[in-house]
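Heads up: the sequence shown runs through residues 0 to 130, numbered per numbering that gives the first Met the number 0.
Quick notes on the structure that follows.
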Amino acid sequence: MSSKSPRNNAAHLISFIGLKSAISKTTAARATIDYLISRRKPVRGVSIDRNLKLPNRYKDAVSAVLLPRATEIVDDPARAITAFEPFQREVTAAVDTGYTLVCDIGSGEYPSAFLQYCARARFNAFAKRAL
Numbered sequence: 000m001s002s003k004s005p006r007n008n009a010a011h012l013i014s015f016i017g018l019k020s021a022i023s024k025t026t027a028a029r030a031t032i033d034y035l036i037s038r039r040k041p042v043r044g045v046s047i048d049r050n051l052k053l054p055n056r057y058k059d060a061v062s063a064v065l066l067p068r069a070t071e072i073v074d075d076p077a078r079a080i081t082a083f084e085p086f087q088r089e090v091t092a093a094v095d096t097g098y099t100l101v102c103d104i105g106s107g108e109y110p111s112a113f114l115q116y117c118a119r120a121r122f123n124a125f126a127k128r129a130l
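Okay, structure coming up:
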């Protein structure tokens with residue numbers, strides 16, 4: 000059998016998202032990561048939030064997406080486009096390796112920005128690649 004044969008493990012994306020702050024999204028993401036680690040399941044995370052609790056706790060296992068503020072976009076318009084690059088890298092790696100990706104999406108402008116990004120990101124391309 001070729002080494003290019005399809006894997007048995009598919010990637011999973013678990014997202015914690017909500018419009019209100021302080022509703023335990025980060026706590027739920029942390030509990031999920033800890034549970035998967037305790038079960039020896041491959042897991043990584045993405046924190047799409049100004050709160051850096053998960054990246055600080057899990058170091059290299061959790062990437063951070065920091066949306067630029069309006070004043071930063073005026074100075075560097077490309078920052079709004081490139082802000083989600085860490086998320087894109089993690090999704091690509093999850094598809095390639097089959098690990099679970101846990102996303103903690105903060106409140107405020109973050110849920111809307113995340114959903115807008117996902118709507119444009121063409122995740123169907125990943126679905127085809129994973130098959």
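Glycine residues also receive a C-beta, built at the ideal position from the N, C-alpha and C atoms.
Boundaries for Leu12: no alpha helix (DSSP H) harbours it, while the beta strand (DSSP E) harbouring it runs His11 to Phe15, taken from the DSSP string.
Annotation for Ile32: the continuous alpha helix (DSSP H) segment containing it runs Lys24 to Ser37. Here the segment 20-29 does not lie against the segment 113-120, with fewer than 3 beta-carbon pairs under 8 Å apart. A buried status is given to Ala93, since no fewer than 16 other beta-carbon atoms sit within 10 Å of its beta-carbon. Residue environment for Gly105: buried (at least 16 other C-beta atoms within 10 angstroms of its C-beta). For Arg38, the closest of Gln115, Tyr98, Tyr109 and Gln87 by C-alpha to C-alpha distance is Tyr98. Pairwise C-beta distances place the segment 42-62 out of contact with the segment 73-81, as fewer than three of them are shorter than 8 Å. With a 10 Å radius around the Cβ and a threshold of 16 neighbouring Cβ atoms, Arg43 comes out buried. Within the DSSP bridge table, the entry for Val45 names Ser62 and Cys102 as partners. In the same chain as Val90, and ignoring 5 residues on each side of it, no C-beta atom comes closer than 6 Å to its own. DSSP places Lys40 in the coil class of the three-state scheme, outside both helix and strand.
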